[in-house]
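J.:
Residue numbers (mature numbering (1 follows the signal peptide of the UniProt record, and there is no 0)): -24 to -1, 1 to 399.
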């Protein structure tokens, strides 16, 4: 029994090892090239946003967020360069092995050729070729000796040709090796430069944190204002969802009663749930389509990065202060348009102090909320399509342009990051 148990454990360890190996499979060069282009785009975007925040104020949370985004991208750049270096080193080792093998083959060919020349010289000194041929005892023997001499001469020529071919190929591989070693050196220099850039960014981050730490009272007031604004927004969303649930319930109940009077259904009262939206077939189809696009939804802005993630997080400067985010904040460029992430109907347009203009769009029993809007270009009851512009994002006094985006299902708050398509 003990033997079988040990065998079973060995199998589990083998499976775990194979799984880990599969997970560590290196990325392809095409994937690395795509990541390189994406990192470059994100760095350029973060640089642009960072410069816009610095115009208004020397140090701000918006500037700190932009620097953090650059640090995140910079780490990705370093990983990308390291992966490229891994491929180059593999190529160098492969070429070095090939060169060593070809050099060995060439030495063998030259040694064999030298032996052939030596044997030919000995034969020439010992026998005259003509005498060798005419000493044949028969015509058949003469023919065989002549064929032997010709084959021997052809073998020497073939050996020379083979030596020339191997020498040519060897020189090509040596050139390739030189190019690969130069490429490796450039990659190492780039890796070093990117690491220096990362250290520089971390230095900038520390400087901004130090400056912001001197503004502790102002930051605490800002946190208090934000919490108050969040509560008001939460109340607004909760009220709107409750109203929509109640309205849908009333509509469903009225339809049920009308159907009963018309004899379409039984006269028994239809049960209507009070914690979720009662949907028509069209709404149910829209809701199902929205749910089916989880992880593929359009970003609510064309460019930008997530500056504050969903859930509870420590304040980036104030010690012991925890901030809860019902959605995600996306920092973007000045004047950036906010757009609908999916087909739906505008449920409400409102204004909340500290959150500016609010737009709430219904997608069946799902709701998307856009806060911190400067302008609004839609109205309540309006049908919108995916990518329709609903307004522009607000820029605060510090020069930070940031959109608050939330997703709800009935009265349940969802993490938008898991719903949006990868950037």
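A virtual CB, placed ideally from N, CA and C, is assigned to each residue, including glycine. Keep in mind it's a predicted model, so treat the numbers as computed, not measured.
What's the gap between the Cα of residue 208 and the Cα of residue 375?
T.: When rounded, the distance between both Cα atoms is 24 Å.
J.: Determine the direct distance from the alpha carbon of residue 293 to that of residue 336, and round the result to whole angstroms.
T.: Roughly 32 Å between the two C-alpha positions.
J.: Cutting at 7 Å between CB atoms, please list the residues of its own chain near residue -18, excluding the five before and the five after it.
T.: Because residue -18 sits at a pLDDT of 37, beneath the cut-off of 50, its placement in the model cannot be relied upon, and the following sentence gives the value as read from the coordinates. If we look at residue -18 and ignore the five residues flanking it on each side, it has no Cβ neighbours.
J.: Compare the C-alpha of residue 204 against each of 157, 145, 299 and 171 and name the closest.
T.: Among 157, 145, 299 and 171, the Cα nearest to that of residue 204 belongs to 299.
J.: By alpha-carbon positions, which one of 3, 142, 384 and 73 ends up nearest to residue 270?
T.: Ranking the options by Cα distance to residue 270, first place goes to 384.
J.: Which residue marks the beginning of the beta strand (DSSP E) containing residue 336, and which one marks its end?
T.: Here the beta strand (DSSP E) through residue 336 covers 332 to 339.
J.: Rounded to whole angstroms, what is the Cα-Cα separation between residue 71 and residue 150?
T.: The alpha-carbon atoms of residue 71 and residue 150 are separated by roughly 8 Å.
J.: Check this for me: beta carbons of residue 56 and residue 8, under 8 Å apart or not?
T.: Yes.
J.: Give the DSSP-derived three-state secondary structure of residue 358 in the structure shown.
T.: Residue state, collapsed to three classes: coil.
J.: So, for residue 86: in the same chain, excluding its five sequence neighbours on each side, which residues have a beta-carbon less than 8 Å away from its beta-carbon?
T.: Once the five neighbours on either side are set aside, the close Cβ partners of residue 86 are 139.
J.: Let me know if residue 91 comes out buried or exposed under the rule of 16 or more other beta-carbons within 10 Å of its beta-carbon.
T.: Counting Cβ neighbours within 10 Å, residue 91 comes out exposed, since fewer than 16 surround it.
J.: Exposed or buried, residue 408, counting other C-beta atoms within 10 Å across all chains shown (16 or more means buried)?
T.: Any property of residue 408 remains undetermined from this structure, which presents the chain solely from -24 to 399.
J.: Since residue 377 and residue 307 are thought to touch, with beta carbons under 8 Å apart, how far apart are those beta carbons, to the nearest angstrom?
T.: 7 Å between Cβ atoms; contact.
J.: Report the residue from 13, 397 and 39 whose alpha carbon sits nearest the alpha carbon of residue 23.
T.: The residue with the shortest Cα to Cα distance from residue 23 is 39.
J.: Runs of 4 residues minimum, wholly inside the stretch 175 to 253: which ones carry the alpha helix (DSSP H) assignment?
T.: Complete alpha helix (DSSP H) runs here, min 4: 192 to 237.
J.: CB residue 313 to CB residue 278, shorter than 8 Å?
T.: Going by C-beta atoms, residue 313 is nearer than 8 Å to residue 278.
J.: Take every Cβ of the stretch 282 to 289, pair it with every Cβ of the stretch 319 to 326, and state whether three or more of those distances are shorter than 8 Å.
T.: Counting Cβ pairs under 8 Å, fewer than three are found: no touch.
J.: What does the alpha-carbon distance come out to for the pair residue 168 and residue 330?
T.: In a straight line, the C-alpha of residue 168 is about 44 Å away from that of residue 330.
J.: Extract the residue ranges of the beta strand (DSSP E) inside the stretch 296 to 332, only unbroken runs of 3 or more that lie entirely within it.
T.: Segments of the beta strand (DSSP E) lying fully in the stretch 296 to 332: 298 to 301, 304 to 308, 313 to 315 and 320 to 328.
J.: Beta carbon of residue 365, beta carbon of residue 303: below 8 Å?
T.: No, they are not a contact pair.
J.: Less than 8 Å between the beta carbons of residue 52 and residue 11, yes or no?
T.: The answer is yes: Cβ separation under 8 Å.
J.: Here's a check: name, in chain order, each residue in its chain whose Cβ is nearer than 6 Å to the Cβ of residue 259, leaving out the five neighbours to either side.
T.: For residue 259, where only same-chain residues beyond five positions count, the Cβ hits under 6 Å are 340.
J.: Could you give the first and the last residue of the continuous beta strand (DSSP E) run that contains residue 286?
T.: Neither: residue 286 is in no beta strand (DSSP E) and is coded neither H nor E.
J.: Just verifying my parser: in three-state terms, what is the DSSP assignment at residue 163?
T.: It is helical.
J.: Alpha carbon to alpha carbon, how far is residue 342 from residue 394?
T.: Those two C-alpha atoms are separated by around 15 Å.
J.: In the DSSP assignment, find the beta strand (DSSP E) that holds residue 367 and state where it starts and stops.
T.: Where residue 367 is concerned, the enclosing beta strand (DSSP E) stretches over 365 to 369.
J.: Mind checking residue 84: buried by the 16 CB within 10 Å criterion, or exposed?
T.: With fewer than 16 other Cβ atoms within 10 Å, it is exposed.
J.: Pick from 359, 309 and 386: whose alpha carbon is nearest that of residue 402?
T.: Residue 402 lies beyond the range of the chain shown here (-24 to 399); nothing can be said about it.
J.: Which residues in the same chain have their Cβ closer than 8 Å to the Cβ of residue 160, if we skip the five residues on either side of it in sequence?
T.: Closer than 8 Å at the Cβ level, and outside the excluded window around residue 160, lie 61, 64, 65 and 68.
J.: Could you please give the first and the last residue of the uninterrupted beta strand (DSSP E) stretch that includes residue 347?
T.: Start and end: 342 to 352.
J.: Should residue 273 and residue 146 be called a contact, given that it needs their Cβ atoms to be closer than 8 Å?
T.: No. Outside cutoff.
J.: Alpha carbon to alpha carbon, how far is residue 193 from residue 334?
T.: Roughly 28 Å between the two C-alpha positions.
J.: Restricting to Cα atoms, I'd like to know which of 47, 42, 390 and 179 is closest to residue 281.
T.: The shortest C-alpha separation from residue 281 is found at 42.
J.: Quick one: measure Cβ to Cβ for residue 74 and residue 143, integer angstroms, because I've assumed they're closer than 8 Å.
T.: With 8 Å as the limit, residue 74 and residue 143 do not qualify as a contact, their Cβ atoms being about 14 Å apart.
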